[in-house]
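Protein chains in written order, with the working numbering: chain G, 1 to 344; chain P, 1001 to 1344; chain V, 2001 to 2344; chain U, 3001 to 3344. Where is the CB? At the ideal position from N, CA and C, for every residue including glycine. Source: prediction; values computed, not measured. Let me begin by presenting the structure, written as structure tokens, before commenting on it.
4 protein chains.
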Amino acid sequence: MKAAIIGTTGYGGAELMRVLANHPEFSIHSVHTTRDEVPVWNEYPHLYSIVENKLEKVDSEAIAANCDVVFFATPSGVSSKLISEFADKQIKIVDLSGDMRLRNLDDYQTWYKKQPAPKEVVNKFVYGLSEWNKENIATADWLSNPGCYPTATLLGLAPVIKEDIVKPDSIIIDAKSGISGAGRTPSRGTMLAEMNENLKIYKVNEHQHIPEIEQQLTDWNASIGPVTFSTHLLPVNRGIMATIYASLQKESTIEQVHTLFMDAYKDKPFVRVRPIGNFPSIKEVSGSNYCDIGLQLDERTGRLTIIATIDNLMKGAAGQAVQNANIMFGIDECTGLNFVPMYP
Amino acid sequence: MKAAIIGTTGYGGAELMRVLANHPEFSIHSVHTTRDEVPVWNEYPHLYSIVENKLEKVDSEAIAANCDVVFFATPSGVSSKLISEFADKQIKIVDLSGDMRLRNLDDYQTWYKKQPAPKEVVNKFVYGLSEWNKENIATADWLSNPGCYPTATLLGLAPVIKEDIVKPDSIIIDAKSGISGAGRTPSRGTMLAEMNENLKIYKVNEHQHIPEIEQQLTDWNASIGPVTFSTHLLPVNRGIMATIYASLQKESTIEQVHTLFMDAYKDKPFVRVRPIGNFPSIKEVSGSNYCDIGLQLDERTGRLTIIATIDNLMKGAAGQAVQNANIMFGIDECTGLNFVPMYP
Amino acid sequence: MKAAIIGTTGYGGAELMRVLANHPEFSIHSVHTTRDEVPVWNEYPHLYSIVENKLEKVDSEAIAANCDVVFFATPSGVSSKLISEFADKQIKIVDLSGDMRLRNLDDYQTWYKKQPAPKEVVNKFVYGLSEWNKENIATADWLSNPGCYPTATLLGLAPVIKEDIVKPDSIIIDAKSGISGAGRTPSRGTMLAEMNENLKIYKVNEHQHIPEIEQQLTDWNASIGPVTFSTHLLPVNRGIMATIYASLQKESTIEQVHTLFMDAYKDKPFVRVRPIGNFPSIKEVSGSNYCDIGLQLDERTGRLTIIATIDNLMKGAAGQAVQNANIMFGIDECTGLNFVPMYP
Amino acid sequence: MKAAIIGTTGYGGAELMRVLANHPEFSIHSVHTTRDEVPVWNEYPHLYSIVENKLEKVDSEAIAANCDVVFFATPSGVSSKLISEFADKQIKIVDLSGDMRLRNLDDYQTWYKKQPAPKEVVNKFVYGLSEWNKENIATADWLSNPGCYPTATLLGLAPVIKEDIVKPDSIIIDAKSGISGAGRTPSRGTMLAEMNENLKIYKVNEHQHIPEIEQQLTDWNASIGPVTFSTHLLPVNRGIMATIYASLQKESTIEQVHTLFMDAYKDKPFVRVRPIGNFPSIKEVSGSNYCDIGLQLDERTGRLTIIATIDNLMKGAAGQAVQNANIMFGIDECTGLNFVPMYP
């Protein structure tokens, strides 16, 4: 199958090229951006001699004529405008941006501070949390790929929310992310001299991934109240850790909770639930499509601590996008995603 | 005044030398460790031509005869054994280790997994959270310097705990620390190749600073229940950020909470309460004795987020130790501590 | 084919597992170390659920009976002792250590300060600089894999040394390496707090890779004199850059020199000669088996600057080892090595 | 004395504030930039409550009326335009930019690719390599502060060039710098995601500091030919290491060379010549005004290796600027510069 990639100004587009360069079923047919005629390796020298394409302008006719799938690796606000061009064409769409994730358009406007796409367009998109929505993804033509923070958070919370074992108003997510999530457009805040040896908290209670998390949690369990969600910027390239706190509804043992997670993820190859007492670090998933989960229960406070780690560019973006494309095209979801974490 | 420093295997001892090298009232008389006759600069080449001392074995007689104050910058378990040698001598003691902080000796045994010092020795130590215990510090001969995590946490929580405005069982502290807090003894976990590009959670619900935090919180407000406290290791040298969550007892505005903090810290030169909407990063206090505090209130959940940042080797160790020594000797607490944060 | 790996205390062993885990022809049969019965993932949690082996003691009989090839990823001094056990057995050997690289045993003793292996053993090893010794590698049973610094240096120098276009006594190599090359045994010098925000020069004129470099250079061109070779430790996990200076024998243009390199490497898929004016950085080869080369000529001084970058754990260790194993077993040298550099 | 600082878009201006904030003789009177009325701490939150000034537009009349000295911490091309406004006024000038360093105006145009200042203006500036031009600095009104690379390089080379003990055409300088030298204007190349875990070579043979180095070397020793000078960007905030190679004119011992350096720098408090066999790292001078020098001699090649390290923002910019201002105003050159390196 042939794939087109739109957008290379963030790192998600580059990561898609890293994944698809060796994919046995998908090949990179074309790479699109507003800049034209520049070889891809000029923008990304690490792809020298690997991706031979030149960047091209977006031409929806040509893309749809030549490709089976198009990946939008664009900033928010772009796919909501471009998608209509593809509406009547024979091509599957995977949108990595946040534009099509929120069913409530007012929420989009409130949190993204941008004009939402039309209701009927948004409604056609299936939310691609691969592990928990596989059946719908399998029949989807248009797919909205989850955000990096929501992926880690939701995979960490799914078993306890679905089984209703935590107090609905007790959820606090303290999330930390590597800086590649901030994209490739230069800004003072992402300069090495500013972020190196640093840790910053940002968008306190205001991150646009909050409604995405709450939408899925309440889909699973209508009783769940608003969550507290904090985001910190780490001086590393890749990786997200979500440290999640929630109070148990009733007394349980760590063994019971651990069994719940083991059962929930036993047939889901990209989620690795660690043994009791073992906790994942972000480097242990770096470059791979894994989400690693660790668990701890504090008897003194009755609080559960869930630690979920992913590579924000892989399971949090390009990796999950390809996993979803695999499912959409009826091939094994692991195809082309056998990346061993790169350590050190 | 003349100072002796015991212990250089952690970075606290080296930081004490950095601070005292230019202190107008204290001078470094001697530096002690188990190694003998080695010039200090062999261990710490950055002190070449600055600290001319050779390392000496600990000789309590000589130290007491020559010095006005001795700083213990030793791992836990050392000062509890050594302190008795100084019991009958004319010398003030500042202990940077955790040995003398917990009044409940069972707690020490439980959390430190070591034999505590005798009750009557521990009782003679005054807890040196400079901003909130200044009167007792002023008359102390023996001082127990707070831990790095407790310093950030307690300075962040003091105003709301003392004023009883948060629910007593709602406190969650998600703390992140630079690696210098782990000391200078080589271990796999602190190697650059293991921690670089990494973020690790450790000692989940088991950190020995938990009882220290709870002891002070309940001293301030007996209603406070056990706290949830998580610690993460950052790939940076210095810095602690405590992201603290607590639910308000009753509705307040961010302006009211901010005013509470401004009032609480208005005469405390090393605490900088940031304006509403402005949040401190760890680098903005690096190398200085400041504790910077930011505040946010989430109306959706009724939770307060308090962000407190310090340099773990300064306000979290050597800086606060010298601040306390200043107070103990009746000089201005800021003396010799006018370090501007080093940025970048 | 089945592979055994001996040695996991350095990162070379772990990288071999990362490469072989997905190799279409080789599978990991067993992993050996002095520790026994511990699952591999205990030592390397990133391999959880990927490498299911337990560590085993070295049993040469069993290894030879079960495997087609054994990789030694051991510190210097180990394979020189262990190799004799394999001498009479039907198994190919790839030695990643420095023990079998120097034909002159006195040089080994001088630079490694250890007892060399017997002459007849060393002589049986073929030096595995894949790009320049392919024919001999193809028929080798015992292979000595080049050091990381020599790989970058020799690939950078080969074209000009073979064509005799630089002055034989003018070669200066200023090399910089990520810290994974220093292995996984904890030491003060490799702690994050010591190396982060740092750059260290070490083993000035005394690095054990000097005789390895000179042996190959004089094999290519007997006129080459001793080289100046400096090594610096970078605060990064992976990557080597060799900045090489040499004076031209006679006037040339940068175009002529560039053409020489393009011709030399045109059929060598892992060497990417960059266009004139474009220079490789270490991150642009990270995680891959590429060696990237950049060139500059200074008309003011008549000196050529050659920049060669590799990932020290891949082309400098495990990657080249697998490339050599591919050649030794008669399969395409690129098999299982299609790693796209991980960026960022 | 009162000081004005012009320019805060690079980190040199911020570092001047860090140094002057505690200087016993100079105080910060005003800080100037093209932005107006913004508190300094908005731009540099680490200076919150320390530097209370608001940024002001440049008004040469007011500056000269109120201040004794003005520091230009501006990018190249700015002071060459602004300086004329101060020509007829009673105020000393310290220019940290490269505009006034090259006596040969053609060189300025060639290497900086900008219009030079008028000859008579440039001629009035004294070159402020504090250790070697102290007498001229003492009587200077207008001072041109050396570049960061030239400072490390020239302090490393001075003894051997002045004594004429190295071959005039043999000098190669392989320099490595932290990223703060690149300024604070966002660009792709200085983003954390691009430079972290990276090492880049840049401006090969084309760095504008080359003519500055050669100008001083030939002033000291007319026989010196063009040098080879390479610059690499490190993933650290601060620090320069110049690894300098030169061939000895005649045989010497390392002891003789070391004695030469010890003698040359015995009364120069900011240069620390390390003992034989001991080499400085960049972190060991971080935050201080020291230049540390290490030496090695290779008998195999007859080449001397000189390692010189500085903090590029201190001895390479603000520190040396204040050292020069001290000398210009007749006070001890060390005044206000007793910064102990911050380690770790």
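Residue i at chain U interface by Cβ criterion, 8 Å
| i | result |
| --- | --- |
| Val2121(V) | no |
| Asp2174(V) | yes |
| Pro1045(P) | yes |
| Tyr343(G) | no |
| Tyr48(G) | no |
| Asn1145(P) | no |
Alpha carbon of residue i to alpha carbon of residue j, nearest angstrom
| i | j | result |
| --- | --- | --- |
| Phe2086(V) | Arg2101(V) | 18 Å |
| Gly3012(U) | Lys3315(U) | 11 Å |
| Lys119(G) | Arg103(G) | 8 Å |
| Thr305(G) | Pro1159(P) | 27 Å |
| Gln1109(P) | Tyr1127(P) | 19 Å |
| Lys1162(P) | Ser3281(U) | 47 Å |
| Ile2063(V) | Val40(G) | 46 Å |
| Leu1055(P) | Tyr3343(U) | 18 Å |
| Leu3020(U) | Gly3336(U) | 7 Å |
Classification of residue i by the beta-carbon crowding that lies within 10 angstroms, buried from 16 upward
| i | result |
| --- | --- |
| Thr1231(P) | buried |
| Thr3008(U) | buried |
| Met191(G) | buried |
| Ser1291(P) | The sequence given here places Cys at residue 1291(P); Ser does not occur at that position. Its Cβ being crowded by 16 or more others within 10 Å, Cys1291(P) is buried. |
| Pro2275(V) | exposed |
| Cys148(G) | buried |
| Asp1298(P) | buried |
| Asp88(G) | exposed |
| Lys2283(V) | buried |
Residue-level contact to chain V via CB, residue i, 8 Å cutoff
| i | result |
| --- | --- |
| Pro1186(P) | yes |
| Lys3228(U) | Reading the sequence as shown, one finds Thr at residue 3228(U) and not Lys. It does: the Cβ of Thr3228(U) has a partner Cβ on chain V nearer than 8 Å. |
| Tyr1011(P) | yes |
Cβ of residue i within 8 Å of any chain G Cβ
| i | result |
| --- | --- |
| Glu1279(P) | The displayed chain sequence assigns Phe, not Glu, to residue 1279(P). True, the Cβ-Cβ gap to chain G drops below 8 Å. |
| Ser3367(U) | Lying before the first or after the last residue shown, residue 3367(U) is absent from chain U, which here runs from 3001 to 3344. |
| Met3191(U) | yes |
| Ile3091(U) | no |
| Ala2073(V) | no |
Residues that DSSP places opposite residue i in a beta bridge
| i | result |
| --- | --- |
| Met1191(P) | Met2191(V) |
| Ile6(G) | His32(G) and Phe72(G) |
| Thr243(G) | Asp174(G) and Ile307(G) |
| Cys291(G) | Val271(G) and Ile310(G) |
| Tyr2202(V) | Thr2231(V) |
| Ile2093(V) | Val2070(V) and Trp2142(V) |
| His1027(P) | The sequence shown places Ser at residue 1027(P), rather than the His named in the question. According to DSSP, which records beta bridges pairwise, Ser1027(P) is partnered with Lys1002(P). |
C-beta neighbour in chain P for residue i, strict 8 Å
| i | result |
| --- | --- |
| Asn3022(U) | yes |
| Ile282(G) | yes |
| Ser2180(V) | yes |
Distance cut-off 7 Å: residue i Cβ against heavy atoms of the ligand PLP
| i | result |
| --- | --- |
| Glu2214(V) | As presented, the structure is devoid of all ligands, the ligand PLP included, so that no description of it is given. |
Margin query: Using a Cβ-Cβ cutoff of 8 Å, what residues of the segment 1194-1225 of chain P are near chain G? List them in chain order.
Written below: Glu1194, Asn1196, Glu1197, Asn1198, Leu1199, Lys1200, Ile1201, Tyr1202, Val1204, Asn1205 and Gly1225
Item checked: Residues within the segment 232-250 of chain G neighbouring chain U, beta-carbon criterion of under 8 Å -> Pro235, Val236 and Asn237
Checklist line | Near-chain G residues of the segment 1294-1309 of chain P (beta-carbon distance less than 7 Å), N- to C-terminal order | finding: Gln1296, Asp1298, Arg1300, Thr1301, Arg1303, Thr1305 and Ile1307
Checklist line | Residues in the segment 3312-3325 of chain U having any Cβ partner in chain P nearer than 9 Å | finding: Leu3313
Next item on the list: Below 7 Å between beta carbons is the criterion; list the residues of the segment 1083-1109 of chain P that meet it against any residue of chain V, in chain order.
Entry: none
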